[in-house]
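Peer 1: Sending over a structure as structure tokens; questions will come in a sec.
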Amino acid sequence: MPMLDLLSGFVNELRNAGLPVSLTENLDAMEAIRFIPLEDRDAFKFALGSTLIKNGSHWNAFETIFEVYFSYRGPEYLIDNDAELDDLMQSLREQMDQGKGDGGGGGGDSQNQLLMALMQGDQMMMRQVAKQSVERYAGMEPGRPVGGTYYLYRTLRNLGLEEMPEKLMDELRKQSDDELSPMEERLHKDEFDDRIDKFKKEVEAEIRRRLVADRGAEAMAKTLRKPLPEDVEFMHANRDEMQHLKKALQPLTQKLAARLARKRRRGRRGPLDFRNTVRHSLTYGGVPLEPKFRAPRASKPELIVVADISGSVAAFARFTLMLVYAIQNQFSKVRSFVFIDGVDEVTDYFKGVDDVSEAIVRVNNEADVVWVDGHSDYGHAFETFWERYGKGISSKSTVLLLGDARNNYHASQSWVVKEIKKKAKRVYWLNPEPRSYWNTGDSIVGEYAAHADGLYECRNLRQLEQFVEKLA
Amino acid sequence: MTFRFESVDQVRQGLREVDYLADDGIASVAFLAERLGKPVLVEGPAGTGKTQLAKSVAELTGARLIRLQCYEGLDESKALYEWNYKKQLLRIQADKNSDSWNEVHDDIFSEEFLLTRPLLEAIRSDDPVVLLIDEVDRVEVETEALLLEILSEYQVSIPELGTITAKQIPLVFLTSNNTRELSEALKRRCLFLHVDYPDMDREKQIVLTKVKGISEHLADQVARIVRSIRQLDLKKAPSVSETLDWARTLVLLGIDNVDIEQAKETLHILLKYQSDIAKAAKELSNEK
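Protein chains in written order, with the numbering used here: chain A, -9 to 462; chain B, 5 to 292.
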């Protein structure tokens, strides 16, 4: 395929994945690759990256798409062309034989080879083992419409990667003469984790390579598309995505705080200061030429957060609390409550702590939120909240209710929301579920939201950020 | 037009000679910046060598480094140019007796009365320069607009004088700690480079090049401990410069093999928050 077509397909895919690429940036990219020898794949990648991607958190998405489009086209990637691989495997086997005769046991060849490769941390060897294991265990068949994760799972399970860290540590203890100090153990463990991570990436890359060879780049790019961190859904994020989310949250809160502070500082002028204007008019012979204004009084709302922290929506509550506390100086006071079927105040956990995530851990472990069985009961939780803490709500308070309102068919007690609404300045309900799921099954969000000032969908960081900015 | 660099590798080599260890991304982007004549926007956490990159490129190319430190409230008269009012006033007073008004009126807006600030200076310079616009995310969005003309056209328009075009295209580096989103217009004009913490091997190499008299073993240990610490959930992860400070301290203390006690005693050089130090100490002792 000519370069130009390939590149425009690539840019198209970037846009489809939600990365903003402007026309000038596209032209810049074409200009840039003129200066880069095509063999130099890394330089080529950065030439495209630096011209097309202008946001650090988009880099992951870019890399995936780049790999699909540009990594697997060279002749060296033709499958079944692995003389080199055989050589390497041969030498590996020899090393193993020398290493220990008793090796053997379950798991078989590949596991030991992997152990060896990880022990030595040799990138080339790891790559070869990855290639071989995918060939052996993934059971990939051409034309089969199965996603990459399935093959990844099969390969890794067959290799027993779960037990690998323990095995590596045992092997290390066997090899070293002295007792390892706790710190050394820790460092070695981190090193092994790092290598295993690299190995996993190799396996993933290998599977992707085969899938692309089978189905073509365009089709694969679509299935491999990863959401940007700000678009990841709270309720369905996997562990990796959670990590990315967490990483994305901090700069986001910083930016939000800076933006709000700036807005406050240069907000519009306050009301006319009559006295001052008259005083100044004396300089102009009594003509009020120069109107004077009072400095604007920033009205900071008092915020009360009431969050459901039961399993399905826990991540959402966590991120919202983190975001709210990160910008808490935008509010005169923040009080927070968490509930499942019982309710507890957790404001104190956040006091004087400089690490919000630590406080969140405490909230999850220590808050007394279980009343009967630990299944969401919004009705009972709200009722208790009203009895115990209802007095704390004043006309200055803004109340945020967080949750999916899946009430397990308990009584809704929606009168509480109505009462809160009467006392508070504003009541909002934030729901992490997609709009189309609302009021289906045991979700009764509509019943509660009827009494609230607003009901918002907050599925991802982007939506959450938008809401919080409006709030402050 | 001649270029200073032949290839990406040459950039990498060159930077290594001035003690800056570039990874693939840094070398490629620096190379492209010169080829395309485009500014580079370097973004990343504090203390990962963003500013140092500009300095090292300047040293490597033998160019003069002109630095504009950004801050909130930076304006035209501090960044671009300013008229020297006092001198203009003197000029008018000196001519009090003659009546050549026309002459004076043209005269006081000539180059003689122009005070150049970093941006204009970079453009007017005859010798090659590297322009470093540091922490560009600190200026307000409106002030960013000041930069746009110079970054895309390498020229400055002064109403009284006309347009001043660059005699040579300077290499421009903008750094940002990403405390706010920069405007699309600015980003579009730049090559984007995200500099993150180096991986363990590169960090070890950095420690070896930058810290005098450190043994290979200690450098390895330092890099590994720092990597483990960075994986923790900290308020402020240790930067490369803090790693270097720590390594220097260890060398000064005559330590060649860090054990847990020594590590705990010196952690405050690496980490700046008490809660972080406590957390790292606990994790390193491998307590459950």
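Even for Gly, the Cβ is constructed at its ideal location relative to N, Cα and C.
For the structure I just gave you, are there three or more beta carbon pairs, one from the region 184 to 197 of chain A and one from the region 39 to 55 of chain A, closer than 8 Å?
Peer 2: Not touching, per the Cβ criterion.
Peer 1: Round the Cβ separation of Q320 of chain A and K290 of chain A to the nearest angstrom and send it over; I've been treating them as touching at under 8 Å.
Peer 2: As a first step, residue 320 of chain A is located in the first sequence; it is residue number 330 there, counting from the start. As a first step, residue 290 of chain A is located in the first sequence; it is residue number 300 there, counting from the start. Confirmed, about 7 Å.
Peer 1: What residues from chain A crowd round H221 of chain B, counting only those whose CB sits closer than 9 Å?
Peer 2: What you label residue 221 of chain B is simply residue 217 of the second sequence in a count that begins at 1. Ordered by position in chain A, no residue passes the 9 Å Cβ test against H221 of chain B, which lies about 13 Å from the chain.
Peer 1: Please list the partners that S187 of chain B has in chain A, where partner means a Cβ-to-Cβ separation under 7 Å.
Peer 2: Residue mapping note: residue 187 of chain B aligns to position 183 of the second sequence, counting from 1. Chain A residues near S187 of chain B: none, gap ~11 Å exceeds 7 Å.
Peer 1: Just mark W250 of chain B as buried or exposed, buried being the case when its beta carbon has 16 or more other beta carbons within 10 Å.
Peer 2: Looking up residue 250 of chain B in the second sequence gives position 246. When all chains shown are included, W250 of chain B counts as buried.
Peer 1: Under a CB-based cut-off of 8 Å, is E15 of chain A close to chain B?
Peer 2: The residue given as residue 15 of chain A occupies position 25 in the first sequence. It does: the Cβ of E15 of chain A has a partner Cβ on chain B nearer than 8 Å.
Peer 1: What does the Cβ neighbour count give for A401 of chain A, buried or exposed, with the cut at 16 atoms within 10 Å?
Peer 2: Here the question's residue 401 of chain A lines up with position 411 in the first sequence. Result: exposed.
Peer 1: Tell me whether the beta-carbon of D30 of chain A lies closer than 8 Å to the beta-carbon of V140 of chain B.
Peer 2: Against the first sequence, residue 30 of chain A aligns to sequence position 40. Against the second sequence, residue 140 of chain B aligns to sequence position 136. Cβ atoms of D30 of chain A and V140 of chain B: not closer than 8 Å.
Peer 1: In this structure, what does DSSP give as the bridge partners for F25 of chain A?
Peer 2: The sequence position of residue 25 of chain A within the first sequence is 35, counting from 1. Bridge partners of F25 of chain A: none, in fact.
Peer 1: T54 of chain A lies in the alpha helix (DSSP H); which residues open and close that run?
Peer 2: Numbered from its first residue, the first sequence carries residue 54 of chain A at position 64. Here the alpha helix (DSSP H) through T54 of chain A covers 49 to 56.
Peer 1: With a threshold of 16 other CB atoms inside 10 Å of the CB of H198 of chain B, please say whether the residue is buried or exposed.
Peer 2: In the second sequence, the residue the question calls residue 198 of chain B occupies position 194. The residue in question, H198 of chain B, is buried, as its Cβ has 16 or more Cβ neighbours within 10 Å.
Peer 1: Here's the rule: buried if 16 or more other CB atoms are within 10 angstroms of the residue's CB, otherwise exposed. What is A37 of chain A?
Peer 2: If you number the first sequence from 1, residue 37 of chain A lands on position 47. Answer is buried; the Cβ neighbour count reaches 16.
Peer 1: Using 8 Å as the threshold, is the C-beta distance between D298 of chain A and G393 of chain A below it?
Peer 2: In the first sequence, residue 298 of chain A corresponds to position 308, counting from 1. In the first sequence, residue 393 of chain A corresponds to position 403, counting from 1. Contact flag set, yes.
Peer 1: Going by the CB atoms, is the gap between M130 of chain A and R200 of chain A shorter than 8 Å?
Peer 2: Within the first sequence, residue 200 of chain A is the residue found at index 210, counting from 1. Within the first sequence, residue 130 of chain A is the residue found at index 140, counting from 1. It is a contact, given that the beta carbons lie within the stated cut-off.
Peer 1: DSSP state of E246 of chain B, grouped into three classes?
Peer 2: Along the second sequence, read from residue 1 onward, the residue named residue 246 of chain B stands at position 242. Note: E246 of chain B maps to helix in three-state DSSP.
Peer 1: Identify the continuous alpha helix (DSSP H) that holds L136 of chain B and give its terminal residues.
Peer 2: In the second sequence, residue 136 of chain B corresponds to position 132, counting from 1. From DSSP, L136 of chain B is part of no alpha helix (DSSP H) but of the beta strand (DSSP E) over 133 to 138.
Peer 1: Taking just the CA atoms, how far does S32 of chain B sit from I210 of chain B?
Peer 2: Taking the second sequence and counting its residues from 1, one reaches residue 210 of chain B at position 206. Taking the second sequence and counting its residues from 1, one reaches residue 32 of chain B at position 28. When rounded, the distance between both Cα atoms is 19 Å.
Peer 1: Determine whether the beta carbon atoms of F327 of chain A and V295 of chain A lie at a separation below 8 Å.
Peer 2: For this step, residue 327 of chain A is matched to residue 337 along the first sequence. For this step, residue 295 of chain A is matched to residue 305 along the first sequence. Closer than 8 Å, so yes.
Peer 1: Just confirm the distance between the C-beta atoms of Q110 of chain A and L149 of chain A, as a whole number of angstroms; I'd bet it's less than 8 Å.
Peer 2: Sequence index remark: in the first sequence, residue 110 of chain A carries index 120 (1-based). Sequence index remark: in the first sequence, residue 149 of chain A carries index 159 (1-based). Actually they do not touch by this definition, with Cβ atoms about 17 Å apart.
Peer 1: What are the boundary residues of the beta strand (DSSP E) that includes F329 of chain A?
Peer 2: Locating residue 329 of chain A in the first sequence gives position 339, counting from the first residue. Element bounds for F329 of chain A: 323 to 329.
Peer 1: From V226 of chain B to Q165 of chain A, what does the alpha carbon distance come to, in whole angstroms?
Peer 2: Your numbering for residue 226 of chain B matches position 222 in the second sequence. Your numbering for residue 165 of chain A matches position 175 in the first sequence. Going by the C-alpha atoms only, they are around 23 Å apart.
Peer 1: When the distance is taken between beta carbons, is V417 of chain A closer than 8 Å to D443 of chain A?
Peer 2: The count along the first sequence starts at 1 and reaches residue 443 of chain A at position 453. The count along the first sequence starts at 1 and reaches residue 417 of chain A at position 427. Closer than 8 Å, so yes.
Peer 1: I'd like to check one pair, I168 of chain B with I127 of chain B: are the Cβ atoms closer than 8 Å?
Peer 2: As a first step, residue 127 of chain B must be located in the second sequence, where it is residue number 123. As a first step, residue 168 of chain B must be located in the second sequence, where it is residue number 164. Taking 8 Å as the Cβ cut-off, I127 of chain B and I168 of chain B qualify as a contacting pair.
Peer 1: For the alpha helix (DSSP H) containing S32 of chain B, list its first residue and its last residue.
Peer 2: The residue given as residue 32 of chain B occupies position 28 in the second sequence. Where S32 of chain B is concerned, the enclosing alpha helix (DSSP H) stretches over 28 to 40.
Peer 1: Going by the beta-carbon positions, is the gap between K179 of chain A and L105 of chain A smaller than 8 Å?
Peer 2: As a working note, residue 179 of chain A is residue 189 in the first sequence. As a working note, residue 105 of chain A is residue 115 in the first sequence. The answer is no: Cβ separation not under 8 Å.
Peer 1: Check whether the Cβ of P172 of chain A lies closer than 8 Å to any Cβ atom in chain B.
Peer 2: Within the first sequence, numbered from 1, the residue matching residue 172 of chain A stands at position 182. It does: the Cβ of P172 of chain A has a partner Cβ on chain B nearer than 8 Å.
Peer 1: Give me the chain A residues within the contact set of K191 of chain B, using Cβ-Cβ distance strictly less than 7 Å, ordered along the chain.
Peer 2: As a working note, residue 191 of chain B is residue 187 in the second sequence. Under the 7 Å cutoff, chain A gives K44.
Peer 1: For F340 of chain A, which residues of its own chain have a beta-carbon under 6 Å away from its beta-carbon, when the five flanking residues on both sides are left out?
Peer 2: Here the question's residue 340 of chain A lines up with position 350 in the first sequence. For F340 of chain A, where only same-chain residues beyond five positions count, the Cβ hits under 6 Å are Y315, A349.
Peer 1: For K276 of chain B, which residues in the same chain have their Cβ closer than 7 Å to its Cβ, ignoring the five residues on either side in sequence?
Peer 2: What you label residue 276 of chain B is simply residue 272 of the second sequence in a count that begins at 1. Closer than 7 Å at the Cβ level, and outside the excluded window around K276 of chain B, lie K240.
Peer 1: Should the region 115 to 134 of chain B be called in touch with the region 63 to 73 of chain B, which here means at least 3 C-beta pairs below 8 Å?
Peer 2: Contact holds: three or more Cβ-Cβ distances are below 8 Å.
Peer 1: Thinking just about the alpha-carbon of each residue, which of A:A304, A:S385, A:P219, A:A395 is nearest to the one in I438 of chain A?
Peer 2: Here residue 438 of chain A corresponds to residue number 448 of the first sequence, with the count starting at 1. In the sequence under discussion, the amino acid at residue 438 of chain A is Tyr, which differs from the Ile named in the question. Per the Cα distances, A:A395.
Peer 1: Report the rounded CA-to-CA distance for T55 of chain B versus P174 of chain B, giving the unit in angstroms.
Peer 2: The residue you call residue 55 of chain B lines up with position 51 of the second sequence. The residue you call residue 174 of chain B lines up with position 170 of the second sequence. One C-alpha to the other measures close to 16 Å.
Peer 1: Would you mind telling me which residues of chain A sit closer than 7 Å to Q235 of chain B, beta carbon to beta carbon, in chain order?
Peer 2: Within the second sequence, the letter at position 231 stands for residue 235 of chain B. What Q235 of chain B touches in chain A: D180.
Peer 1: Is there contact between the region 213 to 227 of chain B and the region 73 to 90 of chain B, where contact requires at least three CB pairs shorter than 8 Å?
Peer 2: The region 213 to 227 of chain B vs the region 73 to 90 of chain B: no contact.
Peer 1: Touching or not, the region 31 to 49 of chain B and the region 85 to 102 of chain B, by the rule of three or more beta carbon pairs under 8 Å?
Peer 2: Counting Cβ pairs under 8 Å, fewer than three are found: no touch.
Peer 1: Which residue marks the beginning of the alpha helix (DSSP H) containing N88 of chain B, and which one marks its end?
Peer 2: In the second sequence, counting from the first residue as 1, residue 88 of chain B sits at position 84. Neither: N88 of chain B is in no alpha helix (DSSP H) and is coded neither H nor E.
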